[in-house]
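In the numbering used here, the protein residues as written are 12 to 432.
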Ligand SMILES: Nc1ncnc2c1ncn2[C@@H]1O[C@H](COP(=O)(O)OP(=O)(O)OP(=O)(O)O)[C@@H](O)[C@H]1O
Ligand SMILES: [Mg+2]
């Protein structure tokens, strides 16, 4: 039996029984914004004009498959919902449609000049703005329309500006509590993951708010809750290394990963603002790594700032000369906001710990600020707080970020859905 939430029913009434060119559901994660679309999309496609194209856009083709096409196929069977071909075409409900990633403009440039009868958009705030501008200019046929969803971002985001414009828009906001189909335990866990952070406002309450002030609020409010005097058992360790520049210091972190990826603990640290020549720097790295091995920590790899290839080679050679068999790899250096959110979730769920003697780490997590002058979420990096230690800390865990988050989310999600918010 198919049942809809009151919010979903309201959206259906306002977007199907009434016509608006732009139909937007935004708000909290897992709040039921997309589910309704598994029923809207077939309706739209069957009723779309035949003299225009049908286009589905997601952040990438992969996320579009995962968030939209896979669930559609489960409901409507592979007979009605095909797979995206190499030519970006997909058969949906008897019509040939296009499915594209919208994170870069070049991916949709092929569609320039084509008029659209219907467009669907997943994760709109993650798109390139140029793609959205192109979409606006193509959705020009009488009766053509767009359905889309997103999670809120900062209030100056281009899509928020569009939502506030006088275009023919119906928009509906969702909070996590608008989805009665979620297990209350799952909702509680999700709330805990984001408590005290900007993501709570965005992903739980569904609000467009700026990232301001202290970043790791729950750590800053009560560092003692995260500090341990004795290391918990760890499965293995990694080291993160950030080389200093003119203003910044050298930072190195030894991190333990708990068995089953259950948590992360900062076991040891060093931070130096001294001007070191290459030999001194290498000796400093070797001494730190040796100290960890001597303490019995099974360090399996070192992730070092990939912008400094010469220094990485130097460290590699020095470790080899000292007969320390730990490989030095390039840090992944993914988006900083992803790394920040990872530590916030760890802290929110009680999965981050730090040894008491790691004073730089404790200080760095306590004082890190959002940069209020930037519109995009940006960590303040003007030399007044120690970002080097945070970089090194993040390099040490970036490789396992996805795995650990999946573990946390799977642990709490009764629906078995592995999508990370
Ligand atoms: N009417 C419904 N009946 C049954 N299950 C539902 C219904 N609405 C939503 N759900 C379930 O709730 C979960 C979240 O719904 P949905 O994917 O629509 O959320 P969302 O708001 O799009 O989340 P996100 O922002 O993370 O993409 C899914 O597992 C979905 O199957
Ligand atoms: Mg969704």
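We put the beta carbon where it would ideally sit given N, CA and C, even for glycine.
Pair every Cβ in the segment 156 to 174 with every Cβ in the segment 125 to 135, then say whether three or more of these pairs are closer than 8 angstroms.
-> Two segments are said to touch when three or more pairs of C-beta atoms, one from each, lie closer than 8 angstroms; by this definition the segment 156 to 174 touches the segment 125 to 135.
Could you tell me whether any non-hydrogen atom of ligand 2 is closer than 7 angstroms to the CB of residue 70?
-> For this step, residue 70 is matched to residue 59 along the chain shown. In this structure, residue 70 has its CB at a distance of at least 7 angstroms from all heavy atoms of ligand 2.
Bridge partners of residue 176, per DSSP?
-> Taking the chain shown and counting its residues from 1, the one referred to as residue 176 is at position 165. Answer by DSSP bridge pairing: none, since residue 176 is not bridged.
Just tell me which of 188, 123 and 166 has its CA closest to the CA of residue 215.
-> On the chain shown, residue 215 is found 204 positions in, with the first residue counted as 1. Ranked by Cα distance from residue 215, the options 188, 123 and 166 are led by 188.
What are the residues that DSSP puts in a beta bridge with residue 77?
-> Working through the chain shown from its first residue, we reach residue 77 at position 66. BP columns for residue 77 are empty, so no partner.
Alpha-carbon to alpha-carbon, residue 95 and residue 76 = Here the question's residue 76 lines up with position 65 in the chain shown. Here the question's residue 95 lines up with position 84 in the chain shown. Cα atoms of residue 76 and residue 95: separation of roughly 8 angstroms, rounded to the nearest angstrom.
Among 240, 98 and 61, which has the Cα closest to the Cα of residue 367?
-> Here residue 367 refers to the residue found at position 356 when the chain shown is read from its first residue. Checked all of 240, 98 and 61; the closest Cα to residue 367 is 240.
Below 8 angstroms on the Cβ atoms is my guess for residue 404 versus residue 277; work out the distance and round it to an integer in Å.
-> Counted from its first residue, the chain shown places residue 404 at position 393. Counted from its first residue, the chain shown places residue 277 at position 266. Between residue 277 and residue 404 the Cβ distance is about 6 angstroms, and since that is below 8 angstroms, they are a contact.
Buried/exposed call for residue 258, threshold 16 Cβ in 10 Å | In the chain shown, counting from the first residue as 1, residue 258 sits at position 247. Residue 258 is exposed by the Cβ-count criterion.
Go ahead and label residue 164 buried or exposed: buried means 16 or more other beta carbons lie within 10 angstroms of its beta carbon, across all protein chains shown.
-> Along the chain shown, one-based indexing puts residue 164 at 153. Counting other Cβ atoms within 10 Å of its Cβ, residue 164 reaches 16 or more and is therefore classed as buried.
Counting only the same chain and skipping the five closest in sequence on each side, list residues whose C-beta sits under 6 angstroms from that of residue 378.
-> Against the chain shown, residue 378 aligns to sequence position 367. 396.
Tell me whether residue 271 sits in a helix, a strand or coil according to DSSP, three-state version.
-> Within the chain shown, residue 271 is the residue found at index 260, counting from 1. Of the three classes helix, strand and coil, the one that applies to residue 271 here is helix, per DSSP.
Should residue 192 go down as buried or exposed, given a rule of 16 or more other Cβ atoms within 10 Å for buried?
-> Against the chain shown, residue 192 aligns to sequence position 181. The residue in question, residue 192, is exposed, as its Cβ has fewer than 16 Cβ neighbours within 10 Å.
Where residue 53 and residue 169 are concerned, what is the direct C-alpha to C-alpha distance, given to the nearest angstrom?
-> Numbered from its first residue, the chain shown carries residue 53 at position 42. Numbered from its first residue, the chain shown carries residue 169 at position 158. Whole-angstrom Cα-Cα distance: 29 angstroms.
Closest residue to residue 33 among 205, 301, 182 and 322 (Cα-Cα distance) | Walking along the chain shown from the start, residue 33 turns up at place 22. That would be 182, whose Cα lies nearest to the Cα of residue 33.
Residue 299: beta carbon under 7 angstroms from a heavy atom of ligand 1?
-> For the purposes of this step, residue 299 is taken as residue 288 along the chain shown, with counting starting at 1. In terms of side-chain proximity, the C-beta atom of residue 299 is found no nearer than 7 angstroms to any non-hydrogen atom of ligand 1.
Under 7 angstroms from any heavy atom of ligand 2, does the C-beta of residue 328 make it?
-> Start at 1 with the first residue of the chain shown, and residue 328 comes out as number 317. Not under cutoff, so the answer is no.
Measuring CA to CA, which of 299, 282 and 127 is closest to residue 152?
-> Against the chain shown, residue 152 aligns to sequence position 141. The option with the nearest alpha carbon to residue 152 is 127.
Give a single yes or no on whether residue 160 has its beta carbon closer than 7 angstroms to a heavy atom of ligand 2.
-> Translated into positions along the chain shown, residue 160 becomes position 149. Yes.
Check whether the Cβ atoms of residue 113 and residue 63 sit closer than 8 angstroms, and answer yes or no.
-> Translated into positions along the chain shown, residue 113 becomes position 102. Translated into positions along the chain shown, residue 63 becomes position 52. Contact: no.
Can you name, in chain order, every residue of its own chain whose Cβ lies under 6 angstroms from the Cβ of residue 423, other than the five neighbours on each side?
-> As a first step, residue 423 must be located in the chain shown, where it is residue number 412. For residue 423, the pLDDT reaches just 43, beneath the cut-off of 50, and the residue's location in the model is therefore unreliable, leaving the point undetermined.
Compute the minimum distance between the beta carbon of residue 78 and the heavy atoms of ligand 2, and state whether it is under 7 angstroms.
-> Within the chain shown, the letter at position 67 stands for residue 78. Yes, since a heavy atom of ligand 2 falls inside the 7 angstroms radius drawn around the Cβ of residue 78.
Ligand 2 heavy atom lying under 7 angstroms from the CB of residue 45 = Indexing the chain shown from 1 puts residue 45 at position 34. Yes, Cβ of residue 45 sits closer than 7 angstroms to a heavy atom of ligand 2.
Between residue 210 and the rest of its own chain, which residues show a CB-CB distance below 7 angstroms, the 5 nearest in sequence each way excluded?
-> On the chain shown, residue 210 is found 199 positions in, with the first residue counted as 1. Excluding residues within five positions, the ones whose Cβ falls inside 7 angstroms are 352 and 355.
Could you give the distance in angstroms between the alpha-carbon of residue 194 and the alpha-carbon of residue 104?
-> Taking the first residue of the chain shown as 1, we reach residue 194 at position 183. Taking the first residue of the chain shown as 1, we reach residue 104 at position 93. About 32 angstroms.
Going by the CB atoms, is the gap between residue 389 and residue 511 shorter than 8 angstroms?
-> Since the displayed the chain opens at 12 and closes at 432, residue 511 lies outside it and no answer follows.
Where does residue 420 fall in DSSP's three states?
-> Residue numbering aside, residue 420 sits at position 409 when the chain shown is read from its first letter. In the structure shown, residue 420 adopts helical secondary structure according to DSSP, grouped into three states.
Cross-strand partners of residue 249 (DSSP beta bridge) | The sequence position of residue 249 within the chain shown is 238, counting from 1. Assignment of beta-bridge partners to residue 249 by DSSP yields 266 and 312.
When DSSP labels each residue in this structure, what does residue 278 get in the three-state scheme?
-> Taking the chain shown and counting its residues from 1, the one referred to as residue 278 is at position 267. Three-state DSSP puts residue 278 in a strand.
Going by DSSP, which residues form a beta bridge with residue 34?
-> For the purposes of this step, residue 34 is taken as residue 23 along the chain shown, with counting starting at 1. Beta-bridge partners of residue 34 (DSSP): 158 and 181.
Answer yes if the segment 304 to 315 comes into contact with the segment 329 to 341, meaning at least three C-beta pairs across the two stretches below 8 angstroms, and no otherwise.
-> Yes: at least three Cβ pairs fall under 8 angstroms.
So what's residue 430 in DSSP terms, helix, strand or just coil?
-> Working through the chain shown from its first residue, we reach residue 430 at position 419. Confidence at residue 430 is low in this model, with a pLDDT of 41, below 50, so its placement is unreliable and the value that follows should be read with caution. Of the three classes helix, strand and coil, the one that applies to residue 430 here is coil, per DSSP.
Determine the direct distance from the alpha carbon of residue 123 to that of residue 61, and round the result to whole angstroms.
-> Indexing the chain shown from 1 puts residue 61 at position 50. Indexing the chain shown from 1 puts residue 123 at position 112. Each residue's alpha carbon lies about 18 angstroms from the other.
Cα separation between residue 42 and residue 26?
-> The count along the chain shown starts at 1 and reaches residue 42 at position 31. The count along the chain shown starts at 1 and reaches residue 26 at position 15. Approximately 18 angstroms, taken between the alpha carbons.
Reducing DSSP to helix, strand and coil, say where residue 354 ends up.
-> Position 343 of the chain shown, counted from the first residue, corresponds to residue 354. DSSP places residue 354 in helix when its eight states are reduced to three.
Close Cβ partners of residue 243 (< 8 angstroms) along its chain, the five nearest in sequence each way excluded | Here residue 243 corresponds to residue number 232 of the chain shown, with the count starting at 1. Once the five neighbours on either side are set aside, the close Cβ partners of residue 243 are 267, 269, 274, 276 and 364.
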